[in-house]
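The structure appears right after this line, and notes come after that.
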Amino acid sequence: MKSTAPHTILQLQQMKNDGKKIACVTAYDASFAAQAVAAGMDCLLVGDSLGMVVQGQDSTLAVTLDEMIYHCRAVRRGAPQSFIIADMPFMSYATAEQAMANASALMQTGIHMVKLEGGAAWVFDSVTQLTQRGIPVCGHLGLTPQFVHQLGGYRQQGKTEQAANQLYAQATELVQAGIRLLVLECVPETVGKYIAQHLSIPVIGIGAGYACDGQVLVSYDMLGLTPGKIPGFAKNFMLGQACISDAFKAYVQAVKAQDFPVKNG
6 MKSTAPHTIL
16 QLQQMKNDGK
26 KIACVTAYDA
36 SFAAQAVAAG
46 MDCLLVGDSL
56 GMVVQGQDST
66 LAVTLDEMIY
76 HCRAVRRGAP
86 QSFIIADMPF
96 MSYATAEQAM
106 ANASALMQTG
116 IHMVKLEGGA
126 AWVFDSVTQL
136 TQRGIPVCGH
146 LGLTPQFVHQ
156 LGGYRQQGKT
166 EQAANQLYAQ
176 ATELVQAGIR
186 LLVLECVPET
196 VGKYIAQHLS
206 IPVIGIGAGY
216 ACDGQVLVSY
226 DMLGLTPGKI
236 PGFAKNFMLG
246 QACISDAFKA
256 YVQAVKAQDF
266 PVKNG
């Protein structure tokens, strides 16, 4: 089936401007990528979450650049007309020079945007250097898995007023540095709503509440394939569905109708 999904950042930006929700999911291979796009997914994320759900690692830290390149190429072949974002793996953008070389290698696989985690000053520098040289960047704040040991585990972020204000300050600085998209993970619904409403760029939530401009889930979580318990903010969309394609469609429809995530209160 020919994709009708947005394939430029300008189209995703227009969706935010028009109040249309963006549906995104992770993809790691050609077959799942093709299924997701055929179901109406607006964009795909080649996530370093593959370290946990594909490789069986206990975190994302072991994923290498070469492995990300391999999976980006596979997803690109399965979804040649879709907008594809790729994670830059752990320590692949510790300096602006590293970021430039490694982001270039990822972009040459045919993806459209790279994603960097964190809101420290050195991240802002890498973002600026990349965007000035034509590499679109997605930021990632809140629960940042590459910093899991520093955060003390996989726990909700931005719960205090001070922490929420810091997240917003980091988000605005990332926008000033040049990001065109922001993933906001595992923060209170009120924080997700405030940041989405006050940033000019699309904010894609994962456990950040209904008011974000779109949603992203790890595909293995939303298909019930992840061993053990899935995160509390996720949902198994395979329940009650006949096939994976129908589960992807159900997820897209729920995001578009603002039925997922459920509004608290």
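Numbering (our numbering), first residue to last: 6 to 270. All C-beta atoms in this analysis are idealised placements derived from N, C-alpha and C, irrespective of residue type, glycine included.
Asked	Found
Exposure of VAL267, with buried meaning 16 or more beta-carbon neighbours within 10 Å	exposed
For VAL59: DSSP bridge partner residues	According to DSSP, which records beta bridges pairwise, VAL59 is partnered with nothing at all.
At least 3 beta-carbon pairs within less than 8 Å: the region 52-62 vs the region 220-227	yes
Best match in CYS77, SER97 and LEU15 for proximity to GLN113 [C-alpha to C-alpha]	CYS77
Member of GLN134, ILE90, VAL80 and PHE129 whose CA lies at the smallest distance from the CA of MET105	GLN134
Residue from THR231, HIS117 and LYS198 with nearest C-alpha to VAL59	THR231
Straight-line gap, LYS164 to GLY147 (C-alpha atoms, nearest Å)	10 Å
Among LEU121, ALA101 and ALA126, the one whose alpha carbon lies nearest that of GLY144	LEU121
Buried or exposed (CB count within 10 angstroms, at least 16 for buried), ASP23	exposed
Inter-residue Cα distance where the pair is PHE129 and THR31	25 Å
PHE238 (DSSP reduced to helix, strand or coil)	coil
The alpha helix (DSSP H) enclosing ILE200, as first and last residue numbers	194-203
Beta-ladder partner(s) of LEU244, from DSSP	BP columns for LEU244 are empty, so no partner.
Of the residues ILE14, THR69, ALA213 and GLN246, the one placed nearest CYS48, counting alpha carbons only	ILE14
Segment limits, beta strand (DSSP E) that includes GLY210	208-211
Same chain, Cβ closer than 6 Å to MET243, neighbours up to 5 away in sequence not counted	LEU228, GLY229 and ALA252
Endpoints, the alpha helix (DSSP H) within which GLY214 is located	Looking at the DSSP string, GLY214 is not in any alpha helix (DSSP H), and its letter there is neither H nor E.
Nearest-angstrom Cα separation, counted from ALA110 out to CYS217	31 Å
Inter-residue CB distance, GLY183 and LEU189 (contact presumed, cutoff 8 Å)	The Cβ separation is near 18 Å, so there is no contact.
Neighbourhood of GLN175 by C-beta, 7 Å cutoff - its chain only, sequence neighbours within 5 removed	GLY124 and LEU146
Beta carbon of PHE199 nearer than 8 Å to that of TYR173	The question names Phe, but residue 199 is Tyr in the sequence shown. Yes, the pair counts as a contact, with Cβ atoms nearer than the cut-off.
Spatial neighbours of VAL260 in its chain, beta-carbon cut-off 8 Å, leaving aside the 5 residues before and after	LYS26, ILE27, ALA28, GLY219 and GLN220
Segments assigned beta strand (DSSP E), at least 3 residues, entirely inside the region 69-98	88-92
Residues near ASP34 by beta carbon distance below 6 Å, same chain, minus five either side	ALA79
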